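Comments concern the structure below.
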Amino acid sequence: MDCKSAKKFLQQRMEQPGAIPDLPCQYAKSYSALLQLADNLPDVAPTENLLALGCAVYAWMPTILKTWDFSEFDSGELSIKEIRSCEKLDDAASLVSGVVSKGLLNNSWVGTSKFLHFINPAVFPIWDSKVAARFNVKTHRINTQPSYLCYLHFCWGAADCLNDRLNHFSEKFSSDDRNRITAMRTIELLLFL
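All residue numbers for the sequence shown refer to numbering that gives the first Met the number 0, where the first residue is 0 and numbers rise by one.
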């Protein structure tokens, strides 16, 4: 992954805030609805609840959910509570490293990243092909655990370096003060838009 290219793109974006488009209202509202759905999950959620969030996440994408692997939840190796309790990069990286290498949804780290993000948006950034393009990631490498781990580290590093400057963009992307987006989401949107 080419982190230098992504960092350069991110810096250029932040230097030209007027060039960044606003988020469509329905996009911000659907994002808030997905956050609320994830917030309502119990700490130890049955498979049906996990599947409901997985389907909702995939409804937000240009594809449908075809396969899922919640065996780690079923066995007790992973829980919603554990995802929510991650507060630091080390916690998040350890959790991601322990998740099934092919991801939880559609053998996809794009879908898995969204699933994790909606459960804990302050810790897990959303990963997708448009963001991956900023890192010059080849198509066949996008849906891999190592690519998502590298991106996770990048976002945490960017959040540490740019923390004060991110507030302006967080306000720009937030639908209102009550629904203020996190640094992880702000970085992802700056790379995505």
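Virtual Cβ for every residue (Gly too), placed ideally from N, Cα, C.
Note that the structure is predicted; figures quoted are calculated from it, not measured.
In this structure, does DSSP put residue i in helix, strand or coil?
i: Trp-108; result: helix
i: Leu-67; result: For the record, residue 67 in the displayed sequence is Trp; it is not Leu. Note: Trp-67 maps to strand in three-state DSSP.
i: Gly-102; result: coil
i: Ile-141; result: coil
i: Lys-87; result: coil
i: Glu-14; result: helix
i: Asp-38; result: helix
i: Gly-75; result: coil
i: Ser-43; result: Sequence check: residue 43 is Val here, not Ser. Coil, per DSSP.
Round the Cβ separation of residue i and residue j to the nearest angstrom and send it over; I've been treating them as touching at under 8 Å.
i: Phe-168; j: Leu-34; result: With a Cβ gap of about 18 Å, Phe-168 and Leu-34 do not count as contacting.
i: Glu-71; j: Val-99; result: 6 Å
i: Leu-49; j: Asn-105; result: About 14 Å separates the two Cβ atoms, so there is no contact after all.
Considering only the alpha carbon of each residue, which of the options lies closest to residue i?
i: Ala-44; options: Phe-69, Ala-58, Val-95; result: Phe-69
i: Trp-67; options: Asp-159, Asp-1, Glu-47; result: Glu-47
i: Cys-2; options: Ser-78, Asn-166, Leu-151; result: Leu-151
i: Asp-163; options: Leu-22, Met-13, Asp-73, Ile-82; result: Met-13
i: Ala-37; options: Arg-140, Asn-119, Leu-103; result: Asn-119
i: Lys-171; options: Phe-123, Thr-181, Asp-21, Ala-182; result: Asp-21
i: Met-0; options: Phe-153, Cys-160, Asp-73; result: Phe-153
i: Leu-30; options: Ala-158, Val-56, Leu-161, Ile-186; result: It should be noted that the sequence gives Tyr, not Leu, for residue 30. Among Ala-158, Val-56, Leu-161, Ile-186, the Cα nearest to that of Tyr-30 is on Val-56.
i: Ala-157; options: Lys-137, Pro-124, Phe-114, Lys-129; result: Pro-124
i: Leu-161; options: Leu-190, Ala-182, Leu-188, Pro-16; result: Ala-182
i: Gln-144; options: Ser-93, Ser-173, Asp-159, Leu-190; result: Ser-93
i: Ala-131; options: Lys-87, Ile-82, Leu-188; result: Leu-188
i: Thr-54; options: Lys-87, Phe-114, Leu-88; result: Before going on, a small fix: residue 54 reads as Cys here, not Thr. Cα-wise, what sits closest to Cys-54 is Phe-114.
So, for residue i: in the same chain, excluding its five sequence neighbours on each side, which residues have a beta-carbon less than 6 Å away from its beta-carbon?
i: Ala-5; result: Arg-133, Phe-134
i: Glu-76; result: none
Among residues of its own chain, excluding the 5 on either side of residue i, which ones have a beta-carbon nearer than 7 Å to its beta-carbon?
i: Trp-126; result: Trp-108, Val-109, Ser-112, Tyr-147, Tyr-150
i: Leu-192; result: Ile-19, Pro-20
i: Thr-185; result: Leu-165, Phe-168, Ser-169, Phe-172
What does a CB cutoff of less than 8 Å around residue i pick up in its chain, not counting 5 residues either side in sequence?
i: Ser-78; result: Asp-42, Val-43, Ala-44, Phe-72
i: Arg-179; result: Ser-169, Glu-170, Ser-173
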